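In my numbering, the protein residues as written are 18 to 481.
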């Protein structure tokens, strides 16, 4: 009589196999669900930023243990293609680039037919990006560069940048005029009014408009985009007012994240709408507009310039021109490290070889051909934003034959400070004042400050 055990054994083995298969199927499904949830979550800016910060810290720690292998300069390749608009027309003068994980960029511009080729790219995997003034940046799927090979067909189609939906409304609240004064470079007075308005569901407070006293307008107008509350920079605003300017001063809203540059840009543009409508000052001549930003607010400044062609001149004080270079300097510039919270902001951008779209829009060096006349001012002792940022932009403007002025101050750090002014501070103000005067058709006023021959000033001005 045949035993029943072999049949039971075979049946049990079949059940086990089904059970293992089921467990594997469940495990794979769960893993897939995790990756799907992570993929969807990373579509949200805040989640992606947190992921990028964590990734940056892990990689940095890993490299501190095991080191970083630099790309082999002898193993390089290239890629080429075209940049067109969405209607298929070539876009000359567009920038195409890739970047290494540590911020080294390999870039070129398109020719009259929209063709480009990027050479000498180290072996590796990159996300290419293309950009042009007046068009939205676009990235492609990652491409792999192999040594000695040229990859073709890396083509882009760029859509036009749509105007930001900034419109006037009835949210503007403006206070009563006050007489205020400042002591730099000598005692001067201005009329100040505080104003606020609503934008993106936020109440934008602490905005200020200054008018000259005992002078007849209309006056050329300066938009001051400060890196902190505008009231903290009153000592810098009033001296310009005393020289015959209306000044609108605005700082970044504290309720917005530091990394929300586009939000700060929208706030500034809406304030400009009120200014141009004459609702902030009847003395402002908004056909003669200049703009100034510095440090963090230089990021806002250059984005405002991309969204507005109202400005005849712009000044950047201790500003950022190339965010790729900021990352590069954190790796290769001995002793340099971004201080909080800006280090976290940089980490949140992600790796530039994977996320160049987070770096390029904030890097005006790649848009230099379309910028208005620029005055670049930087302290050589600046350890927050290194002076190579202004030098790099000046070099690019020089190569393009664009008008610019560069002033480097060897004894000055990140913030010149008007509370305890030095001869360099006074000279800096005079140079900026003269720059605005030349481009806004006003008369420059020579200061009585001593800027004698022992002032260590590096000055470069080019009017092509």
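Note that beta-carbon positions come from the ideal geometry of N, C-alpha and C, so glycine has one too. Source: prediction; values computed, not measured.
- In the three-state reduction of the DSSP assignment, residue 437 falls in the coil class, being assigned neither a helical nor a strand state.
- Per the coordinates, the alpha-carbon of residue 286 lies some 22 Å from the alpha-carbon of residue 148.
- Among the bridge pairs identified by DSSP, residue 393 is matched with 333, 423.
- Beyond the five residues adjoining it in sequence on each side, residue 73 comes within less than 7 Å, by CB distance, of 364 in the same chain, given in chain order.
- Going by C-alpha positions, residue 203 is about 14 Å away from residue 434.
- For residue 95, there is no enclosing alpha helix (DSSP H); the residue is found in the beta strand (DSSP E) stretching over 93–102.
- Contact between the segment 430–445 and the segment 175–195 is absent, with fewer than three C-beta pairs closer than 8 Å.
- Contact between the segment 416–432 and the segment 375–389 is present: three or more C-beta pairs spanning the two stretches fall below 8 Å.
- Buried is the label assigned to residue 250, since at least 16 other Cβ atoms lie within 10 Å of its Cβ.
- The segment 303–314 and the segment 324–331 touch, with three or more beta-carbon pairs separated by less than 8 Å.
- Taking residue 313 as the centre and dropping the five residues before and after it, the same chain places the C-beta of 244 closer than 6 Å to its C-beta, in chain order.
- Within the segment 167–205, the complete beta strand (DSSP E) segments at least 3 residues long are 173–175, 195–199, listed from N- to C-terminus.
- Cβ contact annotation for residue 116 (same chain, cutoff 6 Å, sequence separation greater than five): 122, 341, 369, 370, 373, in chain order.
- In this chain, residue 121 is not harboured by any beta strand (DSSP E), its DSSP state being neither H nor E.
- A distance below 7 Å between beta-carbons, with the five flanking residues on each side excluded, links residue 452 to the following residues of its chain, in chain order: 330, 332, 392, 422.
- Secondary structure note for residue 228: its beta strand (DSSP E) is the uninterrupted segment 219–228.
- Take residue 142, set aside five residues on each side of it, and the residues of its chain with a beta-carbon closer than 8 Å to its own are 159, 160, 161, 162, 370, in chain order.
- Residue 189 sits away from residue 173, with the two beta carbons spaced by 9 Å or more.
- In chain order, 335, 404, 407, 425 place their CB closer than 6 Å to the CB of residue 395, counting only its own chain and leaving out the 5 sequence neighbours on each side.
- Linking residue 215 to residue 221 through their CA atoms gives a straight-line distance of about 6 Å.
- The residues 206, 208, in chain order, have a CB closer than 6 Å to that of residue 230 in the same chain once the five nearest residues on each side in sequence are set aside.
- Just so you know, the alpha carbons of residue 225 and residue 127 end up roughly 43 Å apart.
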